[in-house]
Amino acid sequence: NYTAMIFEKSGSSLPPTVSAIVVGVIQLVGSYVSTLLVERAGRKVLLLVSAVGICLSQLIMASHSYLKVLQYDTSGFDWVPVAAFSFMLFIASWGLLTLPFLVISEILPPKIRSTAIMVLMSILWLLSMLAIKLIPLLTATWGMHGTVLFFASCTLAGALFIAIFVPETKGKTIEAILANI
């Protein structure tokens with residue numbers, strides 16, 4: 001569980017079990033917020049805000065970690081990565097962790113939807129597994145700051161992809177969505 005490692009490396013005194021509960025509650029609240037906002041703000045806006053928020057949180061965590069590597073005294077700011085990580089999970093829960101599945105189902109033609117979703121979900125889980133397996137290697141090679149910075153750059157690339165290619169689907173019929181793709 002990398003959550004416990006992040007909390008521990010930041011100097012948090014929370015036991016791993018408590019940090020897991022905190023993370024679960026944050027994600028639950030974030031998912032609830034998503035249900036309140038998705039029809040008001042739109043899918044694309046929430047995806048973009050979520051991606052930018054995640055990227056900023058990761059940049060904050062990477063900066064804190066790098067300052068520790070440079071041996072700056074961060075003792076008064078060891079709560080910052082925990083707060084940034086918690087915010088990242090919250091904002092991810094009302095955007096990138098939940099909405100892609102909704103948007104995918106809305107933009108794919110009904111004829112290929114089930115097969116395409118199966119393929120996309122398989123790719124998602126393979127990439128997730130790869131990321132989880134690579135984190136220890138990346139951390140050993142680049143340090144925590146470099147690893148988090150790498151994922152921040154991936155998130156930024158995702159935000160650019162959303163901004164350029166993902167259509168807004170709020171309030172549109174499948175015909176209208178497919179006509180604009």
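Yeah, the sequence shown ends on 181 if you go by my numbering, and it's all consecutive.
Every residue gets a Cβ at the ideal spot worked out from N, C-alpha and C, and that includes glycine.
Predicted model, so just to flag it, every value in this text is computed and none were measured.
Applying the 10 Å Cβ sphere with the 16-neighbour rule, what's the burial state of residue i?
i, result
"valine 82", "buried"
"lysine 68", "buried"
"valine 25", "exposed"
"threonine 147", "buried"
"isoleucine 112", "exposed"
"methionine 144", "buried"
"isoleucine 132", "exposed"
"arginine 241", "The structure shown does not extend to residue 241, since the chain spans only 1 to 181, so no value can be given for it."
"leucine 99", "buried"
Mind reading off the beta-carbon distance from residue i to residue j? Whole number of angstroms is fine, and I expect it under 8 Å.
i, j, result
"valine 80", "histidine 64", "5 Å"
"leucine 46", "glycine 95", "5 Å"
"alanine 159", "alanine 51", "4 Å"
With a threshold of 8 Å on Cβ separation, who are the neighbours of residue i within its own chain once the five nearest residues in sequence on each side are excluded?
i, result
"leucine 178", "Ile107, Pro109"
"serine 57", "Ala84, Phe85, Phe87, Met88, Ile91"
"isoleucine 104", "Ala116, Ile117, Leu120"
Of the residues the options, which one's Cα is nearest the Cα of residue i?
i, options, result
"glutamine 27", "His145, Pro15, Leu97", "Leu97"
"leucine 37", "Gln71, Ser93, Ile6", "Ser93"
The alpha helix (DSSP H) that contains residue i, what's its start and end?
i, result
"glutamine 27", "16–41"
"proline 100", "99–107"
Starting from the C-beta of residue i, find all residues in its chain whose C-beta is less than 6 Å away, skip the five residues before and the five after it, and write them out in chain order.
i, result
"isoleucine 60", "Ala84"
So, at 7 Å on beta carbons, what are the nonlocal neighbours of residue i in its own chain, with the 5 sequence-adjacent residues on each side left out?
i, result
"phenylalanine 7", "Leu14, Ser19, Val82"
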